[in-house]
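Working notes, structure below.
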Amino acid sequence: MADTATATTARTAHRRSTHARGEDRARTGFLREVRGSMPALAWWVVCLCLAVAFLYPLWVMLSMALKGPVEQSQVPPTLFPHAPTLGNFTRLSSVQGLNVFGNLLNSVMVTLAATVLTVVVATLAGYALARARFPGSNVVFFVALATFMIPFQAIITPLFMVLKTLGLNNSLVGLTIVYVTFNLPFGLFIMRNSFAAVPGTLEEAALVDGCGILTALRHIMLPIVMPGVITTALLTFFASWNEFFAALILLTDQDKFTLPVTLTLVTSGQFGTVNWGALEAGVALTVLPCIVIYVLLQRYYVSGMLNGALK
1 MADTATATTA RTAHRRSTHA RGEDRARTGF LREVRGSMPA LAWWVVCLCL
51 AVAFLYPLWV MLSMALKGPV EQSQVPPTLF PHAPTLGNFT RLSSVQGLNV
101 FGNLLNSVMV TLAATVLTVV VATLAGYALA RARFPGSNVV FFVALATFMI
151 PFQAIITPLF MVLKTLGLNN SLVGLTIVYV TFNLPFGLFI MRNSFAAVPG
201 TLEEAALVDG CGILTALRHI MLPIVMPGVI TTALLTFFAS WNEFFAALIL
251 LTDQDKFTLP VTLTLVTSGQ FGTVNWGALE AGVALTVLPC IVIYVLLQRY
301 YVSGMLNGAL K
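Everything in the sequence shown is counted per UniProt numbering, starting at 1 for the first residue and increasing by one.
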């Protein structure tokens with residue numbers, strides 16, 4: 001069975017590569033049109049201004065995280081730390097006795113669990129809605145999209161009551177379920193459209209060669225829609241990693257807080273003066289993983305968004 005799937009995959013490899021080259025040419029053509037509508041110097045000036053606007057706040061955050069207490073309060077502030085130090089990261093772990101790195105681990109566990117569950121459910125449901133044409137399939141799809149249009153702040157109270165009834169309030173498991181609920185509609189939208197964009201003849205050829213539905217899904221369909229899978233994973237990861245409001249409402253035990261909630265408690269001094277160095281160190285712990293993951297997977301993200309949105 002695996003050999004059959006491999007043979008079918010080999011026969012469809014040329015079609016997939018041709019499809020990918022077509023997408024690359026479309027994106028390149030769009031960029032050429034934009035660049036052709038303005039002088040070369042103006043193009044680079046615009047790109048440079050946008051890069052500075054996005055990167056400058058990140059640099060200020062990282063610079064502040066590496067400065068000592070004296071240099072942090074210097075006026076005017078310096079753009080580069082004269083004596084870089086990691087003391088703020090050490091200080092972060094002892095501010096008001098908070099278990100910051102334990103809360104960081106909570107964020108990692110909740111985010112990874114929510115990402116895996118959302119990707120698995122969205123992939124299977126998206127495949128079913130794209131291929132299994134049952135009565136009311138479009139209604140189910142549009143109802144799922146309608147839930148995405150409702151601000152989650154509007155349903156946080158009912159969710160809290162449901163979790164309390166199930167005994168999952170003040171629980172990382174309950175928070176994970178809430179994150180999956182928030183992210184599943186858009187993930188379903190991406191995956192359903194990604195599967196719908198794949199010609200049905202590829203799947204039919206695999207079934208004729210003796211593959212089962214799950215085998216065809218694993219060996220034929222998933223490699224083609226992998227940009228959509230990665231896009232769903234990235235969006236779910238970013239949304240869950242940075243989410244603050246639901247974690248603040250649903251969690252009451254300080255040891256179960258996620259990192260965004262913990263950062264609001266990073267204060268010191270008699271009057272609760274913000275320890276900016278420790279706070280920026282915490283922000284760096286929050287931001288840097290997102291930047292690294294996006295840089296590594298951004299080409300799949302762009303392709304997945306195009307496939308999911310254009311169908």
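Note that CB positions come from ideal geometry on N, CA and C, so glycine has one too.
Residue i - DSSP class collapsed to helix/strand/coil
i           : result
Val198      : coil
Lys256      : helix
Glu280      : helix
Phe237      : helix
Asn138      : helix
Asn170      : coil
Ala205      : helix
Pro289      : helix
Pro84       : coil
Val225      : coil
residue 355 : There is simply no residue 355 to check, as the chain begins at 1 and stops at 311 in what is shown.
Gly68       : coil
Bridge partners - residue i, DSSP secondary structure assignment
i     : result
Val75 : Looking at the DSSP assignment, Val75 forms no beta bridge with any residue, so it has no partner.
The alpha helix (DSSP H) enclosing residue i, as first and last residue numbers
i      : result
Phe160 : Ile156 to Leu166
Arg131 : Val100 to Arg131
Leu214 : Ile213 to Ala216
Ile150 : First-last for Ile150: undefined, no H or E at that position.
Ser63  : Ala40 to Ala65
Asn88  : Gly87 to Leu92
Leu248 : Phe245 to Leu250
Sub-8 angstroms separation of residue i and residue j beta-carbons
i           : j      : result
Ala284      : Met61  : yes
Phe237      : Thr115 : yes
Ile224      : Phe160 : no
Thr252      : Asn170 : yes
Met191      : Glu203 : no
Tyr300      : Thr232 : no
residue 326 : Ala196 : Nothing can be reported for residue 326, as the shown portion of the chain is limited to 1 through 311.
Phe152      : Ala246 : yes
Tyr179      : Ser240 : yes
Leu297      : Leu234 : yes
Leu92       : Val266 : yes
Leu188      : Ala128 : no
Arg119      : Val198 : The sequence given here has Val at residue 119, not Arg. Against a cut-off of 8 angstroms, the Cβ pair of Val198 and Val119 comes out as no contact.
Gln74       : Gly277 : no
Val100      : Gly282 : yes
Proximity test, Cβ basis, 8 angstroms: residue i and chain C
i     : result
Tyr56 : Absence of chain C from the displayed structure is noted, only one protein chain being present.
Check: Are the stretch 194 to 208 and the stretch 71 to 91 touching, with three or more C-beta to C-beta distances below 8 angstroms?
Finding: With a cut-off of 8 angstroms on Cβ pairs, the stretch 194 to 208 is not in contact with the stretch 71 to 91, counting fewer than three such pairs.
Notebook entry, point to check: Is the stretch 138 to 145 in contact with the stretch 254 to 266, if contact means three or more CB pairs nearer than 8 angstroms?
Noted result: With fewer than three CB-CB distances shorter than 8 angstroms, the stretch 138 to 145 does not count as touching the stretch 254 to 266.
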